[in-house]
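Note that UniProt numbering gives residue 19 to position 19 of the sequence shown, counting from 1, and the numbers run on in steps of one. Built from N, CA and C at the ideal position, the CB exists for glycine as well. To start, the structure itself, in structure tokens.
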Amino acid sequence: MALQEGLTATQEMIVGEKNTAKYHGSGKLDVYATPAMVAFMEGTAVACIDADLEEGMDSVGIQIDTKHIKASKLGAKITCTAKLVKVDGKKLSFEIEAADEEGTIGSAFHIRYIIDPVKFMSRL
């Protein structure tokens, strides 16, 4: 396995109507929703490791401890950076930060496990 601590990935997106608290049902305002930010953070962690996973393997998230500290408006550009900070066998730990044009809007500690998707799905 080529996964090494220190791997990073950065992704960007623009807040649209489908990313708002009103749309997600997590509030009534047209601001960037916490559930949308969490999904973006997880997706950025996946992007961080995807190219380095053994062929045929995947990962699943099992924990995310998130702080959403600042609202972002429609049209804001969100930049998310994930860093792989620990590899412990199949357990992967990430530190993640999200920011808009004005600065940090959220942070997270995230754990993913490497899985064989065929075996994983056969257990459901």
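- Judged by beta-carbon spacing, H110 lies within the 8 Å limit of G61, meaning their Cβ atoms are closer than that value.
- Pairing K28 with A39 gives a Cβ-Cβ distance that is not under 8 Å.
- DSSP places I69 in the coil class of the three-state scheme, outside both helix and strand.
- For the pair L53 and G106, the Cα-to-Cα distance works out to about 27 Å.
- Beta bridge pairing from DSSP links Y113 with V60 and K91.
- When G43, D58, G25 and D30 are compared, the shortest CA-CA separation from I115 is found for D58.
- Note on E12: under 16 other CB atoms within 10 angstroms of its CB, so exposed under the neighbour-count rule.
- When A82, L124 and A98 are compared, the shortest CA-CA separation from I49 is found for A82.
- Pairing S122 with E101, the inter-Cα distance amounts to about 44 Å.
- Put simply, of P117, L3 and V118 the residue whose alpha carbon is nearest the alpha carbon of A47 is L3.
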